[in-house]
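Asker:
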Amino acid sequence: MAGFNIKAIEKKLFVEKTTVKTYIRRIAEKFNIENSIEALFRCIDDVNRQG
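The numbering of the sequence shown is my numbering, which starts it at 270 and goes up by one.
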């Protein structure tokens, strides 16, 4: 998912823009990250490690 913007993510997941933003915010809170982009990269890295 590297390089995806919010619009691309919402289309891929079949959810609304606000839902994507909520997911990003919750991921950032869970990992104690202030920057949403950093949260996304951590999530992507984790998914890639799991196969």
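C-beta atoms are modelled at their ideal positions from N, C-alpha and C, and glycine is treated no differently.
Taking all protein chains shown into account, decide if V316 is buried (16 or more other Cβ within 10 angstroms of its Cβ) or exposed.
Answerer: Looking at its Cβ environment, which holds fewer than 16 other Cβ atoms inside 10 Å, V316 is exposed.
Asker: Can M289 and I278 be called in contact, C-beta distance under 8 Å?
Answerer: In the sequence under discussion, the amino acid at residue 289 is Val, which differs from the Met named in the question. Cβ atoms of V289 and I278: closer than 8 Å.
Asker: Ends of the alpha helix (DSSP H) at E298?
Answerer: 286-299
Asker: Is it buried or exposed, M270, if we count other Cβ atoms within 10 angstroms and call 16 or more buried?
Answerer: Interpretation of M270 is limited by its pLDDT of 49, a score under 50 that renders its predicted location unreliable; the figure taken from the coordinates is listed afterwards. M270 comes out exposed.
Asker: How is the alpha helix (DSSP H) around I278 delimited, first residue to last?
Answerer: I278: member of the alpha helix (DSSP H) spanning 275-282, first to last residue.
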